[in-house]
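For reference, the structure discussed in these notes is given below.
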Amino acid sequence: ARKQNNSNYSSVDDDAFAPVGRAGAPTNGQSQRLNGLLVDLSSLDENRRKKACASLCNIFSSFDGSTSSEVIAKYATLELISKLGVRLSDSNNTIQLMAAATLRNMASCGDDQVAQHMANADIMSTMTAMFTSVFQSCRGGDINNFGLLVTPNAPLLEQLIATICNIWYVFK
Numbered sequence: 306a307r308k309q310n311n312s313n314y315s316s317v318d319d320d321a322f323a324p325v326g327r328a329g330a331p332t333n334g335q336s337q338r339l340n341g342l343l344v345d346l347s348s349l350d351e352n353r354r355k356k357a358c359a360s361l362c363n364i365f366s367s368f369d370g371s372t373s374s375e376v377i378a379k380y381a382t383l384e385l386i387s388k389l390g391v392r393l394s395d396s397n398n399t400i401q402l403m404a405a406a407t408l409r410n411m412a413s414c415g416d417d418q419v420a421q422h423m424a425n426a427d428i429m430s431t432m433t434a435m436f437t438s439v440f441q442s443c444r445g446g447d448i449n450n451f452g453l454l455v456t457p458n459a460p461l462l463e464q465l466i467a468t469i470c471n472i473w474y475v476f477k
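The numbering of the sequence shown is the numbering used here, which starts it at 306 and goes up by one.
The structure is reproduced here in structure tokens:
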């Protein structure tokens with residue numbers, strides 16, 4: 306049960322992934338770039354973590370209905386999903402937002418194997434804890450004239466809700 310993905314993130318140095326293989330495994334260059342992004346996700350440098358999350362978000366938003374499940378599964382590894390789970394608790398809200406968006410994109414284009422990786426990485430527990438924390442911080446926010454929550458964490462809360470919905474869609 307896959308659905309088409311819609312992401313609002315613009316390209317961030319993802320040229321190595323431009324010709325994402327629809328019929329086979331990632332190329333050597335793509336695999337090397339993916340390994341570099343995995344390293345960057347764990348970096349102490351905030352800018353490297355931010356760029357890695359943005360790049361991964363773009364990679365998964367590039368997959369569409371014609372991308373094979375096998376190709377998606379080669380990118381959406383348990384290691385990657387686990388590292389993105391850690392980024393949900395990053396000290397930088399932008400990194401949290403992009404990690405949630407990447408997981409949302411994975412869930413949107415993924416299949417049962419991606420869902421299993423997310424279950425094994427215990428992503429739902431991390432998402433629930435993050436949702437609770439962000440929701441608590443939004444309690445003091447104001448409601449504007451359009452009935453929308455006005456708080457600095459509102460975009461993160463919206464992203465977490467979308468991510469949780471997409472992950473549940475994959476799990477069902």
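Glycine is no exception: its CB is placed at the ideal position from the N, C-alpha and C atoms.
Note that the coordinates shown come from a computational prediction; the quantities given were computed from them, not determined experimentally.
Under 8 Å between the Cβ atoms of Asn-398 and Phe-365?
Against a cut-off of 8 Å, the Cβ pair of Phe-365 and Asn-398 comes out as no contact.
What does the Cβ neighbour count give for Ser-316, buried or exposed, with the cut at 16 atoms within 10 Å?
Note that Ser-316 has pLDDT 36, beneath the 50 cutoff, so the model's placement of it is unreliable and the number below is only indicative. When all chains shown are included, Ser-316 counts as exposed.
The alpha helix (DSSP H) with Leu-389 in it runs from where to where?
Residues 383-392.
Can you name, in chain order, every residue of its own chain whose Cβ lies under 7 Å from the Cβ of Met-429, other than the five neighbours on each side?
Taken in chain order, the residues that qualify are Ile-472.
Does the Cβ of Leu-465 have 16 or more other Cβ atoms within 10 Å, making it buried, or fewer, making it exposed?
When all chains shown are included, Leu-465 counts as buried.
Hey, Ala-357 and Leu-339 are a contact pair by Cβ (cut 8 Å); roughly how many whole angstroms apart?
With 8 Å as the limit, Ala-357 and Leu-339 do not qualify as a contact, their Cβ atoms being about 10 Å apart.
Using the beta-carbon count (16 or more within 10 Å), is Ala-404 buried or exposed?
Result: buried.
What are the boundary residues of the alpha helix (DSSP H) that Thr-399 is part of?
Taken as a continuous stretch (DSSP letters only), the alpha helix (DSSP H) holding Thr-399 covers 398-414.
Where does Val-439 land, buried or exposed, given buried means 16+ other C-beta within 10 angstroms?
Buried is the call here.
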